[in-house]
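Below is one structure, written out as structure tokens; the observations come after it.
Residue numbers (my numbering), protein chains in the order written: chain F, 1 to 116; chain X, 117 to 228.
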């Protein structure tokens, strides 16, 4: 299994809603990532988890709350979002963090989020 | 910080060759990746360079010159399905974690 899966594929939510994005991988990777991508822009890193612990938070607003329940799962909890948060949210995983060899990141298909 | 530049758009004809350049500035270079991203889809890994020289994978090749802060992705025998964005991403050993910084992406349009 060399796949990163994400659910849901599409999500529409109001500014007062609470929703969660889910990501799963079964490649034995110990690093998982959340990225935000706006149209025609590159992915922007939000969070990095290493061995289920938060390693990097790129100064993301607290209305985004990540969670890593186990080594295969990564969630992103959303609350009180703004319309400008509408974007494609990508999850990725890699064997580990740090350099060395490829250690490339495998990306999931993303969740397209629209905040009304 | 890092600065990664690549052209915004390129157009080429089916069967031709296209070269996408990427220049970067980073204090602790630790590898350069090329990803392909079709519209509305996830980026997929194409190539990795950490030493100078050319890496070839079928119709795709990637070149790196660390002294010049320069890489290119060469797409040969272009096919219509190669129409996509191509992202150059640099890893910095001085950045926490396995952080990749992406360039703005180059949209390649392949015409019949």
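Using N, Cα and C, we set each Cβ at its ideal position, and we do this for glycine too. This structure is a prediction, so every number in the text was calculated from the model and none was measured.
Item, Value
"Expected contact under 8 Å - CB spacing of residue 91 of chain F and residue 33 of chain F to nearest Å", "7 Å"
"Separation of residue 213 of chain X from residue 228 of chain X, as counted between CA atoms", "43 Å"
"Chain X residues whose Cβ lies nearer than 9 Å to that of residue 48 of chain F", "212, 213, 214, 215"
"Chain F residues whose Cβ lies nearer than 8 Å to that of residue 159 of chain X", "43, 90, 107"
"Element boundaries [beta strand (DSSP E), containing residue 20 of chain F]", "18-25"
"Neighbour-count burial assignment, residue 12 of chain F, 16 or more Cβ in a 10 Å radius", "exposed"
"Residues bridged to residue 53 of chain F [DSSP beta-bridge criterion]", "F:50"
"Beta carbon proximity, residue 110 of chain F to chain X, threshold 8 Å", "yes"
"Alpha carbon of residue 120 of chain F to alpha carbon of residue 168 of chain X, nearest angstrom", "Outside the displayed span of chain F (1 to 116) sits residue 120 of chain F, for which this structure offers no information."
"Residue 200 of chain X, enclosing beta strand (DSSP E) - first and last residue", "200-208"
"Nearest to residue 200 of chain X (by Cα), restricted to the options X:164, X:217, X:152", "X:152"
"Nearest to residue 112 of chain F (by Cα), restricted to the options F:83, F:103, F:96, F:95", "F:83"
"Rounded separation between residue 61 of chain F and residue 80 of chain F - CA only", "11 Å"
"Assigned exposure category for residue 195 of chain X - 16 Cβ within 10 Å defines buried", "exposed"
"Proximal residues to residue 94 of chain F (C-beta, below 6 Å), its chain only, five neighbours per side dropped", "29, 31, 103, 105"
"Cβ distance (whole Å) where residue 209 of chain X is taken to contact residue 156 of chain X below 8 Å", "No, residue 209 of chain X and residue 156 of chain X are not in contact; Cβ-Cβ is about 33 Å, not under 8 Å."
"Bounding residues of the beta strand (DSSP E) (the contiguous stretch that carries residue 73 of chain F)", "73-79"
"Three-state secondary structure assigned by DSSP to residue 15 of chain F", "coil"
"Inter-residue Cα distance where the pair is residue 207 of chain X and residue 51 of chain F", "20 Å"
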